[in-house]
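First up is the structure itself, then whatever we jot down about it.
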Amino acid sequence: MPELPEVETSRLGILPYLKDQTIAALVIRQPKLRWPIDPDIELAKGQRIIDVKRRAKYLLLQLEHGWIVIHLGMSGSLRILLEDTPAQKHEHVDLVLDNGVILRYTDPRRFGAWLWTPFLEWLPQLKKLGPEPLTDEFNAEYLHQQIANKKVPIKTLIMDNHIVVGVGNIYASESLFMAKILPMRIASTLTQDEVTLLVAAIKRVLEQSIKQGGTTLKDFLQTDGKPGYFVQQLQVYGRAQHLCFTCHTPICSQKIAQRNTFYCQNCQK
DNA sequence: CGGGCGTCCTGTTCGC
DNA sequence: TGCGAACAGGACGCCC
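Going letter by letter, the first sequence gives residues 1 to 269 in UniProt numbering.
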């Protein structure tokens, strides 16, 4: 579910409630997430939350001595509630603060994760990640270098964490539409100009979505319970057989690497 | 090693 | 209407 804009929306939503607060308890109703929750996470108790950061689609709760790292998987979301709010189905974890506020994690499919690590560098999940898309480190020169000799479709390549992080299935289709590049094009065949357009499109689509509070298809809610509004801006994702807003020909869909992909046969080359 | 694909899980939607 | 199949925002890890 959540791609970078949804994770960033969640970060911005929880930051003011968590920063400088002290963790009173962790309530784990279901420890079996993507990986079983490490019992050492109890070490977080009594610690102050210094900051809430993000790397790729991971949320990083920086404590005085250690880190809680949260991934929302496909169907996860976080909400800020008061301590005595009854837990419903699929509400697997509460982070309880000593002021009575809780951070509640919901994840029906349980593809998400709550990780504990004393040092961020120790987490294998963070070790092989590519650059953040919204930094200067992700630029046309870098991507051009990365696509050399790559025989996968460009859409598969930009969804690869080792190349660039945070671009999931929705924003891959949207970025390629904005850059006017067909998603099934073999990566190494892109021209330098196309790579430049694609890098700019990825940045722009992600930035615009963050401004709108992310994209709500079904489950995703901002931490205040409101949906994300970027769904209203989607140009191709989920619009198969509807007419392209630009040229009014029907949007196509096709599976690429087992993932449904949307594009305009006329606007994209 | 690059690239393809199965896998973890539940809920919803689709087609017969 | 009922039922099973297909599919859904991620990404690891195994296979060749």
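Note that the Cβ used here is the ideal one computed from N, Cα and C, for glycine as well.
Around the C-beta of Gly-214, 16 or more other C-beta atoms lie within 10 Å, and the residue is accordingly described as buried. Taking a C-beta distance under 7 Å as the contact criterion, Val-236 and Tyr-263 qualify as a contact pair.
Annotation for Tyr-58: the continuous beta strand (DSSP E) segment containing it runs 58–63. The Cβ atoms of Ile-210 and Pro-5 sit closer than 7 Å to each other.
Inter-residue distance for Thr-196 and Lys-53 is about 28 Å (C-alpha atoms, whole angstroms). Sequence-distant Cβ neighbours of Trp-67 in its own chain, meaning closer than 7 Å and more than five residues away, are Leu-60, Leu-61, Thr-117 and Leu-120. Sixteen is the threshold: since fewer than 16 other Cβ atoms of the shown chains lie within 10 Å of the Cβ of Asp-193, the residue is exposed. With a cutoff of 7 Å on beta-carbon distance, Ile-256 and Pro-133 are scored as not near each other. By the neighbour-count definition (other C-beta atoms within 10 Å, threshold 16), Pro-16 is an exposed residue. Judged by pairs of C-beta atoms under 8 Å, the stretch 72–80 touches the stretch 93–113, as three or more such pairs exist.
The alpha carbon of Thr-261 has as its nearest neighbour, out of Ile-181, Ile-49 and Gln-145, the alpha carbon of Ile-181. Put simply, the backbone Cα of Ile-23 is about 24 Å away from that of Leu-221. In the structure shown, Arg-110 adopts coil according to DSSP, grouped into three states. A straight line joining the alpha-carbon of Glu-8 with that of Gly-76 spans about 14 Å. Bounds of the beta strand (DSSP E) holding Arg-54 are 49–55. For Val-27, there is no enclosing alpha helix (DSSP H); the enclosing beta strand (DSSP E) has its first and last residue at 23–28.
The three-state secondary structure of Ile-256, taken from DSSP, is strand. In this structure the stretch 80–90 does not lie against the stretch 44–52, because fewer than three pairs of beta carbons, one per stretch, are closer than 8 Å.
DSSP, reduced to helix, strand and coil, places Trp-122 within a helical segment of the structure shown. For the stretch 194–252, not one full-length alpha helix (DSSP H) segment reaches 4 residues or more.
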